[in-house]
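Worksheet for the structure shown next.
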RNA sequence: UCCUCGAUAGCUCAAUUGGCAGAGCGCGCGGCUGUUAACCGUGAUGUUCUAGGUUCGAGUCCUAGUCGAGGAGCCA
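Numbering (my numbering), first residue to last: 391 to 822.
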């Protein structure tokens, strides 16, 4: 029995007889010669079956293979400049596991609705492989960076008793007779964890029940949120630019073939190195005034077109800091030099990808937070534990959240986040 | 929730002024020893989204609904 190997290790086995286990991606029938495009989950390779080189039974089986039939191939890999990928398998024998039914996703064009309804099968295509391999590597790079920079992974709960920020719509569920909600952020728990461990991060799914229907929204998405004690706004922006640059440069190094599959222009990613440009909200408003939005009012939030105009002025991601206090969450610290603005900052990605990070310095002031809770009509009793953090050794602290799917969409240059996660959850869509 | 657009074969789409339901791909059969979304020949495939209406006659026009796409707001 030939040694069973994976396509990703093919180069080490040139000239030796091996066995691959996988699926037929596509086939070209040339009569006495069959080209099989074969995949095993680790890659794609072309296999060639000559009638005179295999048994009549094996050749007949090869001719009858349908798209996505499962099959074991035994043969000899060799370098072959005519084959896509540079390697080709000369088949000596094959064993059919199942002849697949007529497969819905053909090599021709399909519409979004059809592909989304067949997401469980769409995942088998080379493009989806490239995207999800990049996603997995981004997640590893994120965790590596925090683990290597003194942050401790401290998980925050998915089921929560109340809204974290009181602003967005939550998914409600029944928790033994009392209402509970799927988390919209680990933020508040992160602050408690930072007071316990100094530098922490959480990483997990996040849920928003808002009826957002755009290319950058999911109802279930993944977010990494670091938080650290004694952090300031300036610290946050330094951490953010080092962290994001590490993730981007790691993907450029480690996932070059996948970026090539997606035909990603790499030059714009190669630019992503510290430091990033940093402008205030007020400076951003001035940019809008001179670039097509002369009527934009100070105090209004940026929409998608505004974010695009601002980010287009820079070759790197840009931090916009010191937003109007009224626009941001209740816990943001005020700027001591100008209380109309708070010590918050968002990071806008280039190429129109918009906000990928939001964060800032949190208020350490008990009296201010009590006032803010009342001002935002939030029930104080739900936040007693949070206020405790300002009673028992309060310190300045900062943190931020980075959206995984928007980061994947940016690095892959996708026009919609729905392809950045295996099973996207979107407005009124939960199948498959 | 609002605005715009759309729904015809398994898929992607066409169908003139309201007048016989079409093509390509995929699938079946036959051919081909270098194909890359192969090619050549040949064959089968329809609740035209749903309900109602106008009409001699509706894929086409009208009303309501369902589903989808793009965008807005909100956000990561």
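Note that CB positions come from ideal geometry on N, CA and C, so glycine has one too.
Every value quoted in this text rests on a predicted model; they were computed, and no experiment measured them.
Taking its Cβ as the centre, do 16 or more other Cβ atoms sit within 10 Å of residue i, making it buried, or is it exposed?
{"i": "residue 461", "result": "buried"}
{"i": "residue 429", "result": "buried"}
{"i": "residue 439", "result": "buried"}
{"i": "residue 696", "result": "buried"}
{"i": "residue 736", "result": "buried"}
{"i": "residue 711", "result": "buried"}
{"i": "residue 501", "result": "exposed"}
{"i": "residue 813", "result": "exposed"}
{"i": "residue 705", "result": "exposed"}
{"i": "residue 568", "result": "exposed"}
{"i": "residue 491", "result": "exposed"}
{"i": "residue 562", "result": "exposed"}
{"i": "residue 688", "result": "exposed"}
{"i": "residue 513", "result": "exposed"}
{"i": "residue 487", "result": "exposed"}
{"i": "residue 767", "result": "exposed"}
{"i": "residue 449", "result": "buried"}
{"i": "residue 707", "result": "buried"}
{"i": "residue 654", "result": "buried"}
{"i": "residue 757", "result": "exposed"}
{"i": "residue 782", "result": "exposed"}
{"i": "residue 496", "result": "exposed"}
{"i": "residue 774", "result": "exposed"}
{"i": "residue 771", "result": "exposed"}
{"i": "residue 833", "result": "Any question about residue 833 goes unanswered here, given that the chain covers just 391 to 822."}
{"i": "residue 823", "result": "With the chain covering only 391 through 822, there is no way to say anything about residue 823."}
How long is the line joining the alpha carbons of residue i and residue j, rounded to whole angstroms?
{"i": "residue 671", "j": "residue 701", "result": "13 Å"}
{"i": "residue 608", "j": "residue 819", "result": "10 Å"}
{"i": "residue 498", "j": "residue 459", "result": "18 Å"}
{"i": "residue 605", "j": "residue 816", "result": "10 Å"}
{"i": "residue 824", "j": "residue 466", "result": "Nothing about residue 824 can be read from this structure; the chain reaches only from 391 to 822."}
{"i": "residue 478", "j": "residue 398", "result": "13 Å"}
{"i": "residue 847", "j": "residue 703", "result": "This structure gives no information on residue 847, because the portion of the chain shown stretches from 391 to 822."}
{"i": "residue 484", "j": "residue 453", "result": "11 Å"}
{"i": "residue 494", "j": "residue 412", "result": "19 Å"}
{"i": "residue 785", "j": "residue 620", "result": "6 Å"}
{"i": "residue 560", "j": "residue 401", "result": "50 Å"}
{"i": "residue 803", "j": "residue 764", "result": "43 Å"}
{"i": "residue 570", "j": "residue 550", "result": "6 Å"}
{"i": "residue 762", "j": "residue 780", "result": "14 Å"}
{"i": "residue 732", "j": "residue 565", "result": "36 Å"}
{"i": "residue 547", "j": "residue 573", "result": "7 Å"}
{"i": "residue 678", "j": "residue 727", "result": "24 Å"}
{"i": "residue 432", "j": "residue 410", "result": "11 Å"}
{"i": "residue 715", "j": "residue 753", "result": "12 Å"}
{"i": "residue 521", "j": "residue 741", "result": "18 Å"}
{"i": "residue 686", "j": "residue 729", "result": "21 Å"}
{"i": "residue 470", "j": "residue 476", "result": "5 Å"}
{"i": "residue 631", "j": "residue 664", "result": "6 Å"}
{"i": "residue 769", "j": "residue 531", "result": "39 Å"}
{"i": "residue 472", "j": "residue 481", "result": "16 Å"}
{"i": "residue 611", "j": "residue 725", "result": "31 Å"}
Rounded to whole angstroms, how far is the Cβ of residue i from the Cβ of residue j, which I believe are closer than 8 Å?
{"i": "residue 434", "j": "residue 415", "result": "6 Å"}
{"i": "residue 618", "j": "residue 788", "result": "7 Å"}
{"i": "residue 751", "j": "residue 591", "result": "Between residue 591 and residue 751 the Cβ distance is about 17 Å, and since that is not below 8 Å, they are no contact."}
{"i": "residue 427", "j": "residue 436", "result": "6 Å"}
{"i": "residue 455", "j": "residue 417", "result": "6 Å"}
{"i": "residue 645", "j": "residue 593", "result": "Actually they do not touch by this definition, with Cβ atoms about 20 Å apart."}
{"i": "residue 792", "j": "residue 613", "result": "7 Å"}
{"i": "residue 822", "j": "residue 510", "result": "5 Å"}
{"i": "residue 717", "j": "residue 691", "result": "6 Å"}
{"i": "residue 662", "j": "residue 681", "result": "In fact, because the Cβ distance is near 23 Å, the residues do not count as touching under 8 Å."}
{"i": "residue 616", "j": "residue 790", "result": "7 Å"}
{"i": "residue 648", "j": "residue 523", "result": "5 Å"}
Which residue spans inside the stretch 516-544 form an unbroken alpha helix (DSSP H) run of at least 4? You should have 516-538.
Using 8 Å as the threshold, is the stretch 586-601 in touch with the stretch 631-644, meaning 3 or more CB pairs across them? Verdict: no, contact absent.
So within the stretch 615-685, which uninterrupted beta strand (DSSP E) runs reach at least 3 residues, ignoring any that extend past its ends? Here the runs fully enclosed are 668-670.
Spell out a yes or no on whether the stretch 444-452 and the stretch 401-413 are touching, meaning 3 or more CB-CB pairs, one atom from each, closer than 8 Å. No, the stretch 444-452 does not touch the stretch 401-413.
Are at least three pairs of beta-carbons, each pair with one atom in the stretch 785-799 and one in the stretch 740-754, less than 8 Å apart? Taking 8 Å as the limit for Cβ pairs, the verdict is that the stretch 740-754 does touch the stretch 785-799.
Would you check if there are 3 or more beta carbon pairs closer than 8 Å linking the stretch 530-549 to the stretch 658-667? No: the two stretches stay apart, fewer than three of their Cβ pairs being nearer than 8 Å.
Do the stretch 639-656 and the stretch 523-535 make contact, defined as three or more Cβ pairs closer than 8 Å? Touching, yes.
Which complete beta strand (DSSP E) runs does the stretch 752-810 hold, if anything under 3 residues is left out? Listed in chain order, the complete beta strand (DSSP E) runs (minimum 3 residues) inside the stretch 752-810 are 787-793.
Curious, which full-length beta strand (DSSP E) runs of at least 3 residues does the stretch 549-598 contain? Qualifying beta strand (DSSP E) stretches, in chain order: 562-565, 568-572, 589-597.
What alpha helix (DSSP H) runs, 4 residues minimum, are completely inside the stretch 406-461? Entirely contained in the stretch 406-461, the alpha helix (DSSP H) runs reaching 4 residues are, in chain order, 446-454.
Hey, which unbroken runs of the alpha helix (DSSP H) at 4 residues or more fall wholly within the stretch 465-513? If only complete runs of 4 or more residues are kept, the stretch 465-513 shows the alpha helix (DSSP H) at 502-507, 509-512, in order along the chain.
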